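Going by this note's numbering, the sequence shown opens with residue 6, and the numbers climb by one from there. Think of the CB as a built atom: it goes at the ideal place given N, C-alpha and C, for glycine as much as any other residue. All of these numbers come straight from a predicted model, not from anything done at the bench.
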Amino acid sequence: MYRERPALLPGAVVWTRTAEEHDGAVHPVLPDGCMDLLWNDGRLLVAGPDTRAHTPSGAAGLRWAGLRFAPGTAPAFLGVPAHELRDLRADLADLWGEAAARAAAAEVGEADPGSGLEAVALARAARSGPPDPLTAQVVRHLEAGGTVAAAAEAAGLGARQLHRRSLDAFGYGPKTLARILRLQRALALVRGGVPYGEAALLAGCADQAHLAREMRALGGTTLRAYEASAKRETPMPSGSSTTA
């Protein structure tokens with residue numbers, strides 16, 4: 006069973022998932038522009054930004070909790086540029102060192118790991134300072150369907166400057182982020198029952214065929230297969246269940 010709630014950390018979401026012993030289904034995790042701090046049976050991991058669908062390992066434990074950061078906000082918390090974690094799952098100890106990771110794991114505990122992750126993030130954020138304010142501006146612009154060129158102009162940056170800042174904040178360039186956010190807009194419409202062609206146009210794709218190509222390129226599946234999976238089980242967030 007999957008549950009989520011808004012976190013006290015601005016823009017973040019706390020989520021938990023408990024699988025039944027007999028649940029052998031493995032649901033691919035689609036890119037969403039986010040990064041996650043994960044807890045799994047006492048182990049702390051970081052899910053970097055994905056550029057393609059990630060299939061969780063079947064060897065993972067049954068209990069998961071996570072803190073999903075808004076796009077562009079995790080690097081300030083982790084102290085690592087996002088591009089260094091692109092398409093990776095890493096032990097927190099590899100980023101913070103063994104002692105700091107053990108202390109964080111002890112603070113998370115096991116009674117309510119979701120709230121524990123939230124507490125760790127709030128304490129760390131108080132020391133690390135706020136994320137690059139440019140990131141939220143870029144995300145808002147692209148989520149609204151704006152172009153990368155217009156986002157750069159609004160931010161007062163050249164294309165190369167925006168690309169460098171985006172690599173650090175999101176893990177990839179603004180064009181990839183725009184594609185991922187557009188796909189997520191379309192899939193939200195599909196989950197709401199909007200026909201594929203209409204969802205494609207509303208999300209900013211040229212047509213249904215364009216959306217289908219993006220679904221295969223970024224999600225590794227078809228629109229029909231995704232819709233069927235979404236009806237069976239609430240999709241898990243980016244990076245939310247996997248071993249490193």
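Residue 115 sits in coil when the DSSP states are folded into three classes, being neither helix nor strand.
Residue 140 carries a helical assignment under DSSP once its states are collapsed to helix, strand and coil. Per DSSP, reduced to three states, the secondary structure at residue 150 is coil, with no helix or strand assignment.
Among the bridge pairs identified by DSSP, residue 6 is matched with none. Annotation for residue 201: 195, 213, 216, 217, 228 place their beta carbon closer than 8 Å to its own, counting only its chain and skipping 5 residues before and after. With a cutoff of 8 Å on beta-carbon distance, residue 160 and residue 147 are scored as not near each other. Nearest to residue 169 by alpha-carbon distance, out of 35, 57, 77, is 77.
Put simply, the region 108-117 does not touch the region 81-94. Fewer than three CB pairs are less than 8 Å apart. For residue 41, the enclosing beta strand (DSSP E) starts and ends at 40-45. Looking from the CA of residue 175, the closest CA among 136, 70, 69 belongs to 136.
For residue 17, the closest of 7, 88, 157, 74 by C-alpha to C-alpha distance is 74. Taking residue 9 as the centre and dropping the five residues before and after it, the same chain places the C-beta of 18, 19, 20 closer than 7 Å to its C-beta, in chain order. Close CB contacts of residue 125 within its chain, under the 7 Å cut and outside five residues either way in sequence, are with 109, 112, 113 (chain order). In this structure, DSSP gives residue 11 an extended state, which the three-state scheme calls strand. DSSP places residue 195 inside the alpha helix (DSSP H), whose first and last residues are 179-196. DSSP places residue 221 in no alpha helix (DSSP H); its state is neither H nor E. Under the DSSP definition of a beta bridge, residue 22 partners with 7, 69. Cβ neighbours of residue 67 within its own chain (closer than 6 Å, five residues either side excluded): 24. Linking residue 210 to residue 187 through their CA atoms gives a straight-line distance of about 8 Å. The three-state reading of DSSP puts residue 51 in strand, counting E and B together.
Rounded to whole angstroms, the gap between the alpha carbons of residue 223 and residue 181 is 10 Å. If you look at residue 205, you'll find it in the alpha helix (DSSP H) that goes 201-208. In this chain, the alpha helix (DSSP H) harbouring residue 237 covers 228-237. Taking C-beta atoms as the reference points, residue 71 and residue 42 count as a pair closer than 8 Å. The DSSP-derived three-state label of residue 17 is coil.
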